[in-house]
Amino acid sequence: MAVANLAPLFSHPNPSPKFSSLTFNSNPLFCTHQSRYFRTGKSPLTANNTKPRRLYVAVSTSHSLQALIFDCDGVILESEHLHRQAYNDAFSHFNVRCPPSSAPLNWSLEFYDVLQNQIGGGKPKMRWYFKEHGWPSSTILEKPPESDEERAKLIDTLQDWKTERYKEIIKSGTVKPRPGVLRLMDEAKAAGKKVSVCSAATKSSVILCLENLIGIERFQGLDCFLAGDDVKEKKPDPLIYQTASKQLGVSEKDCLVVEDSVIGLQAATRAGMSCVISYTPSTAEQDFTDAIAIYPDLSNVRLKDLELLLQNVVAAS
Numbered sequence: 069m070a071v072a073n074l075a076p077l078f079s080h081p082n083p084s085p086k087f088s089s090l091t092f093n094s095n096p097l098f099c100t101h102q103s104r105y106f107r108t109g110k111s112p113l114t115a116n117n118t119k120p121r122r123l124y125v126a127v128s129t130s131h132s133l134q135a136l137i138f139d140c141d142g143v144i145l146e147s148e149h150l151h152r153q154a155y156n157d158a159f160s161h162f163n164v165r166c167p168p169s170s171a172p173l174n175w176s177l178e179f180y181d182v183l184q185n186q187i188g189g190g191k192p193k194m195r196w197y198f199k200e201h202g203w204p205s206s207t208i209l210e211k212p213p214e215s216d217e218e219r220a221k222l223i224d225t226l227q228d229w230k231t232e233r234y235k236e237i238i239k240s241g242t243v244k245p246r247p248g249v250l251r252l253m254d255e256a257k258a259a260g261k262k263v264s265v266c267s268a269a270t271k272s273s274v275i276l277c278l279e280n281l282i283g284i285e286r287f288q289g290l291d292c293f294l295a296g297d298d299v300k301e302k303k304p305d306p307l308i309y310q311t312a313s314k315q316l317g318v319s320e321k322d323c324l325v326v327e328d329s330v331i332g333l334q335a336a337t338r339a340g341m342s343c344v345i346s347y348t349p350s351t352a353e354q355d356f357t358d359a360i361a362i363y364p365d366l367s368n369v370r371l372k373d374l375e376l377l378l379q380n381v382v383a384a385s
């Protein structure tokens, strides 16, 4: 996979902007040919407070919130640092060393954030890294792999061990759901709304996370649960959300998706659904122009807030 030069990005710390929960402002900032935009809340600033990011809500025809759909990784739990830990543990376990280093490979937080945001899945991350930095020696093979078969064996072995290590971390009891998620799920259920989880991760991994983080009762009470195994196309393709709409029996325009990344946002909007963002430190600087609202987390977000948003929001064309 061809990827732009990542080196300049690795030297910069990952920004973690903070800003208040969204509130409506009655003064319009500007108009387009179809929609009027209203500024919401305070503009978040980057780490050095020099580049304000404006948030807008597009107001138009009425929608009714009937289903609330959550992504898993990044929304229900902040998982990227856990995945990074599991990869580094795998590299250490198998003594994975890329020339000329004599120490086991270790991905830094900043480096992993860029890999995750620009490359994506686990096997593609490792394959890209080894192609760029040299195929490593390890205890899996006697020498660096040369054939496609040997390289596939190396990556498959590392990924399988990493997955089991990640499961151990999730089961440890030290991982907690992100603020506000459980309360918002409970509010939606109590109000008679349908609640769903749609994740691009493997089904076994998502089930493990949900059972340990939202609890068996909430998990079994989901009106729809879809994982990457259930659809042929991954996000940003809209298929997973289109499938959820059909299984829920709810029109796309009456569904509201909670995502943490631009890839998930694209999947939701391409499915014809409105989407709010609950960003993480690794996704905070992504382009969320098409989101109807942006939050640092869900701690101050209530169901009535989301209902009001969807009643008055239509995606800008």
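Counting with the working numbering, you get residues 69 to 385 for the letters of the sequence shown. Heads up, the beta-carbon is just placed ideally off N, CA and C, and yes, glycines get one too.
When K372, V381, T351 are compared, the shortest CA-CA separation from H149 is found for T351.
By the Cβ criterion, the segment 241 to 249 is not in contact with the segment 202 to 220, since fewer than three pairs of Cβ atoms, one from each stretch, lie closer than 8 Å. In the DSSP assignment, L294 falls within the unbroken beta strand (DSSP E) covering 292 to 294. V143 sits in coil when the DSSP states are folded into three classes, being neither helix nor strand.
In the three-state scheme derived from DSSP, where H, G and I count as helix and E and B as strand, Y234 is classed as helix. Rounded to whole angstroms, the separation of the alpha carbons of F138 and G340 is 16 Å. Counting the other Cβ atoms within 10 Å of the Cβ of K303 gives 16 or more, which makes it buried. According to the DSSP secondary-structure assignment, K262 is paired through a beta bridge with A135. Inter-segment contact for the segment 301 to 320 and the segment 328 to 335 is present: three or more beta-carbon pairs are separated by less than 8 Å. No Cβ-Cβ contact shorter than 8 Å links L183 with K199. When secondary structure is reduced to three states using DSSP, E200 falls in the helix class. Taking C-alpha positions only, L276 is separated from G296 by approximately 14 Å. In the displayed model, I282 falls within coil according to three-state DSSP, outside both helix and strand. Note on geometry: alpha-carbon atoms of E320 and S313 lie some 6 Å from one another. Closest by C-alpha distance to I331, out of G317, C323, D322, D355, is D355. In the DSSP assignment, S206 falls outside any alpha helix (DSSP H), carrying neither H nor E.
Between V265 and L278 a beta carbon distance of about 7 Å is seen, short of the 8 Å cut, so the two are scored as contacting. L177 is positioned such that its CB atom lies no closer than 8 Å to that of L252.
One Cα belongs to V381, the other to Q227, and the distance between them is close to 42 Å. Around the beta-carbon of I284, fewer than 16 other beta-carbon atoms lie within 10 Å, marking it exposed. If the five residues before and after F159 are omitted, its C-beta is found closer than 7 Å to the C-beta atoms of P172, L173, N174, all from its own chain and listed in chain order. Counting the other CB atoms within 10 Å of its CB gives E353 a total of 16 or more, which places it among the buried residues.
Counting the other Cβ atoms within 10 Å of the Cβ of P167 gives fewer than 16, which makes it exposed. Across the structure, Q134 and G188 are spaced so that their CA atoms are roughly 31 Å apart. Annotation: the continuous alpha helix (DSSP H) that includes L378 extends over 371 to 379.
A Cβ-Cβ separation of about 5 Å places L324 in contact with S342 under the 8 Å criterion. For the 8 Å CB-CB criterion, A154 and R233 form a contact.
From the listed residues C140, D322, Q186, D216, the smallest Cα separation to L376 is found for D322. Assignment of beta-bridge partners to A361 by DSSP yields V344.
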